[in-house]
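Remarks on the structure that follows.
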Amino acid sequence: MTIIGIDLGTSNSAAAVLRGGRPVIIPSAEGMSIGGKAFPSYVALTADGQMLVGEPARRQATANPEGTVTAFKRKMGRRETIVLRGRDYSPEQLSAFLLQKIKRDAEAFLGEPVQKAVVTVPAYFDDNQRSATKDACRIAGLEVIRLVNEPTAASLAYGLDRLSEELRIAVIDLGGGTLDVTIMEFGKGVFEVKATSGDTQLGGTDMNQCIYEHLAERFQMATGVDVRTDPKAAARLMEAAEAAKIDLTASVSTHVSLPYLAAVQGEPRHLELDLNRTELERLVRPVIDRCRAPVEQALHDAGITPKQVDRVVFVGGPTRMPAVRAFFEEMFGHKAEMGVDPMECVAAGAAIQAGVLAGEVGGIVLVDVTPLTLGVETLGGIATSLIARNTPIPVKRTELFTTAADMQTNVTVHVFQGERPMASDNTSLGEFTLDGLPPAPRGVPKIEVTFDIDSNGILSVAARDTASGKSQSISITSSTRLPESEKKRMVEDAERYADADKKRRDDAEKLNAADGTCYEAEKLLANFADKLTDELKKRLEASLRETKDALLKKDVAQATDRAEALKKVLKEAGATLYTQSGQAEKGGPYAETRWQGPTPQPHVGAAGAQANPSGDGPRGKVMDAEYRENKQK
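For the sequence shown, this note's numbering begins at 1142 and goes up steadily by one.
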């Protein structure tokens, strides 16, 4: 059965199929529209309840603005609804309508059923957005064989896999709603993503908005009417703004004509004005300049300079604009690749990958990466990483944790995504609780936490108590609520607040260490108080009280100082017990030579787990628990 490739875009979508070893673009039933778009990403509900998708929806958008929606890809993976004529739709439902349209037209073009697809997503899509894309495909009756990052698909379409030399490739994917910058390496038939960066709220629609505002202000200056308050007039103006942008990509000037745009005291007012390329480039320059930071971030993460990039690949309609091409070519110091339509290359690359998976194309291996760090919250709110940003996928990581409290019977695993050292500053992906742990002293249970990312970038998390065999898991899905913050902001925040974040994490670790020292003192008093002199016992109890008081006040400096004093008394008590025990062998349980002090105990939920990479004894990472070892596949 034929597998098609689908580029599910913000403003426009496309589909392709492999024929005779080469990708062929699948046309829509209506043919190409403005700017050579096969499937505009529009959905409309008419007054009589008819659902329109693609070009038919785009054509009537100006007459039916309250019933028409586009750019719903920007909301994928969020718990939001979009209202069309009083009816609520999720972004996944709207995407499914578009995918159904693509599926029907592909079946008409191919003359056979289409049930499987390779679907592309922005490289910077997080786990929720990727899961939402798969959900939309399932609703549309399509089985997703593979989610492929758009830059990876574009590199295949440009034929860079057919070159014999090793290459560093920069893929600039500037679409209707998102910018993705990907640094890749190619060699021996393998594409490997080295770094990704981007902005999921930056694209051609932002340029359209700049032109729209300019046209609206010009019309208001001439007539005194602000058409932005009239939905139908505003929709006509936005359509004209996009058309002007497309015209000025190939021409140096264009004429904008919108008759009967408004009325003043019953008299019609028309918009008639000329717009040249210089004016256009001035209007959209702020949008173009926003592309610089993601490029610099991707290069920094890949550890290279612009001059070390061998090839530059453009993807997306806005990269046709001379000003956009010049901006990026100046950054990298050489011309970009030519010969492939940037509007079609992602769908074409998806079709090639479909051919790879179907066994029709050989010799190509795609290696993608996870765009942000993934981990769990540990004691003190510390973000403990399991899978680092830019790790090649698929990947599986297992870390060993233990409990933070005596007789603890459950552990809550809170999963996050982001670059900040404190979990609360990152995006929460979900949480679950592992119940039924056998009661045991703090630090004794061993809890395996496993993060598993498949080839589609979908994350599954599992926790297992090694003693009882009890386990619990979660598959992070699009139903998870995400904040408005985007991935680019998260990375920038990690850099901007690096010093403050480091102090917060250091403070949390110091408080955890002081708490661990108190726990050791409490254990010693509980088990050996009768073997201590009254004077030593009183000093130990007093030092313990002072340390716990400082912990309650969260006074880091005082807690650290008092914990150090408590350690000294503990060492003295340990030496006394060692002498009393008459042990001749070096290294008795409380000998000063064995005393190392408590290990900081990061927390993972209501129960508490902790990890200790060095593997020293039962102390380690507290997740409400403690970290012991690293298993990797």
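Heads up, the beta-carbon is just placed ideally off N, CA and C, and yes, glycines get one too. Bear in mind the structure is a predicted one, so any value in this text is a computation, not a measurement.
Per DSSP, residue i forms a beta bridge with which residues?
{"i": "N1349", "result": "None, per the DSSP bridge assignment."}
{"i": "A1336", "result": "I1324"}
{"i": "M1484", "result": "In DSSP, M1484 forms no bridge with anything."}
{"i": "M1192", "result": "L1186"}
{"i": "A1156", "result": "I1147"}
{"i": "F1592", "result": "R1538 and V1602"}
{"i": "R1613", "result": "Here residue 1613 is Gln; the residue named in the question, Arg, does not match the sequence. Answer is A1604, bridged to Q1613."}
{"i": "P1197", "result": "BP columns for P1197 are empty, so no partner."}
{"i": "S1526", "result": "G1516"}
{"i": "V1210", "result": "V1184"}
{"i": "E1786", "result": "This structure gives no information on residue 1786, because the portion of the chain shown stretches from 1142 to 1774."}
{"i": "T1395", "result": "L1416"}
{"i": "V1497", "result": "Paired residues: none, contrary to the question."}
{"i": "L1288", "result": "V1260"}
{"i": "V1510", "result": "P1533"}
{"i": "L1283", "result": "According to DSSP, which records beta bridges pairwise, L1283 is partnered with nothing at all."}
{"i": "L1315", "result": "L1320"}
If I follow the unbroken beta strand (DSSP E) through residue i, where does it start and stop?
{"i": "I1223", "result": "I1223 to L1225"}
{"i": "A1603", "result": "L1600 to D1606"}
{"i": "H1555", "result": "V1552 to Q1558"}
{"i": "L1149", "result": "Looking at the DSSP string, L1149 is not in any beta strand (DSSP E), and its letter there is neither H nor E."}
{"i": "L1515", "result": "L1515 to T1519"}
{"i": "T1261", "result": "K1257 to V1262"}
{"i": "A1452", "result": "For clarity, residue 1452 is Arg in the given sequence; the question names Ala instead. Looking at the DSSP string, the run of the beta strand (DSSP E) that includes R1452 is R1452 to V1456."}
Just reading off the alpha helix (DSSP H) that residue i is part of, what are its end residues?
{"i": "A1179", "result": "Run containing A1179: none; DSSP gives neither H nor E here."}
{"i": "L1440", "result": "R1433 to A1443"}
{"i": "V1465", "result": "P1463 to F1473"}
{"i": "A1294", "result": "E1291 to A1298"}
{"i": "K1695", "result": "Taken as a continuous stretch (DSSP letters only), K1695 belongs to no alpha helix (DSSP H), as it is neither H nor E."}
{"i": "P1372", "result": "P1372 to A1391"}
{"i": "S1231", "result": "Per DSSP, S1231 belongs to no alpha helix (DSSP H) and is neither H nor E."}
{"i": "I1166", "result": "Note, I1166: premise wrong, no alpha helix (DSSP H); beta strand (DSSP E) at R1163 to I1166."}
{"i": "R1271", "result": "D1268 to I1280"}
Hey, out of the options, whose CA is closest to residue i's CA?
{"i": "E1836", "options": "K1611, R1645 and N1153", "result": "This structure does not reach residue 1836, given that the chain is present from 1142 up to 1774, and the question cannot be answered."}
{"i": "L1186", "options": "T1211, G1172 and Q1438", "result": "T1211"}
{"i": "I1286", "options": "A1385, T1261, A1375 and A1273", "result": "T1261"}
{"i": "Q1449", "options": "R1466, P1459 and H1475", "result": "H1475"}
{"i": "D1347", "options": "N1597, A1698, T1151 and M1563", "result": "T1151"}
{"i": "A1546", "options": "V1585, F1332 and G1571", "result": "V1585"}
{"i": "D1340", "options": "F1332, D1321, G1328 and E1358", "result": "D1321"}
{"i": "A1294", "options": "L1412, M1325 and E1284", "result": "M1325"}
{"i": "H1651", "options": "L1692, S1684 and L1673", "result": "The sequence given here has Lys at residue 1651, not His. The shortest Cα separation from K1651 among L1692, S1684 and L1673 belongs to L1692."}
{"i": "K1611", "options": "D1648, I1445, V1552 and E1663", "result": "V1552"}
{"i": "F1250", "options": "I1167, A1204 and F1557", "result": "I1167"}
{"i": "P1263", "options": "L1297, R1215, V1497 and A1524", "result": "R1215"}
{"i": "R1163", "options": "A1489, K1708 and Q1721", "result": "A1489"}
{"i": "A1384", "options": "Y1401, L1416 and V1405", "result": "L1416"}
{"i": "H1396", "options": "L1421, L1288 and A1403", "result": "L1421"}
{"i": "L1600", "options": "A1662, H1441, R1271 and P1463", "result": "R1271"}
{"i": "M1192", "options": "A1464, D1482, D1148 and L1239", "result": "L1239"}
{"i": "R1148", "options": "D1229, S1236 and A1188", "result": "Reading off the sequence shown, one finds Asp at residue 1148, where the question assumed Arg. Residue S1236 is the option with its Cα nearest to D1148."}
{"i": "A1464", "options": "K1242, V1556 and V1393", "result": "V1393"}
{"i": "D1509", "options": "A1273, R1226 and V1334", "result": "V1334"}
| query | Do three or more CB pairs link the region 1257 to 1277 to the region 1510 to 1517 at distances below 8 Å? | reply | yes
| field | 3-residue-minimum beta strand (DSSP E) runs that sit fully inside the region 1397 to 1421, ordered along the chain | value | 1408 to 1417
| request: Let me know the beta strand (DSSP E) ranges lying completely inside the region 1648 to 1693, each 3 residues or longer, listed in chain order. | output: none
| message | With three or more C-beta pairs closer than 8 Å as the rule, is the region 1517 to 1532 touching the region 1422 to 1438? | response | no
| message | Give the list of continuous alpha helix (DSSP H) stretches no shorter than 4 residues that lie fully inside the region 1531 to 1587. | response | none
| Can you find at least 3 beta carbon pairs, one from the region 1599 to 1607 and one from the region 1571 to 1582, that sit closer than 8 Å? | yes
| task | Inspect the CB distances between the region 1316 to 1331 and the region 1354 to 1365 and report whether three or more fall short of 8 Å. | result | no
| field | Stretch-stretch touch, CB-based, cutoff 8 Å, three pairs: the region 1586 to 1600 with the region 1531 to 1549 | value | yes
| request: Specify whether the region 1154 to 1165 and the region 1242 to 1261 touch according to this definition: at least 3 beta carbon pairs, one from each stretch, less than 8 Å apart. | output: yes
| query | Within the chosen definition, does the region 1364 to 1382 reach the region 1203 to 1210 through at least 3 CB pairs nearer than 8 Å? | reply | yes
| said: Taking 8 Å as the cut-off, does the region 1463 to 1470 touch the region 1358 to 1366 (at least 3 CB pairs, one atom from each stretch)? | reply: no
| Between the region 1673 to 1691 and the region 1700 to 1709, do three or more beta carbon pairs fall short of 8 Å? | yes
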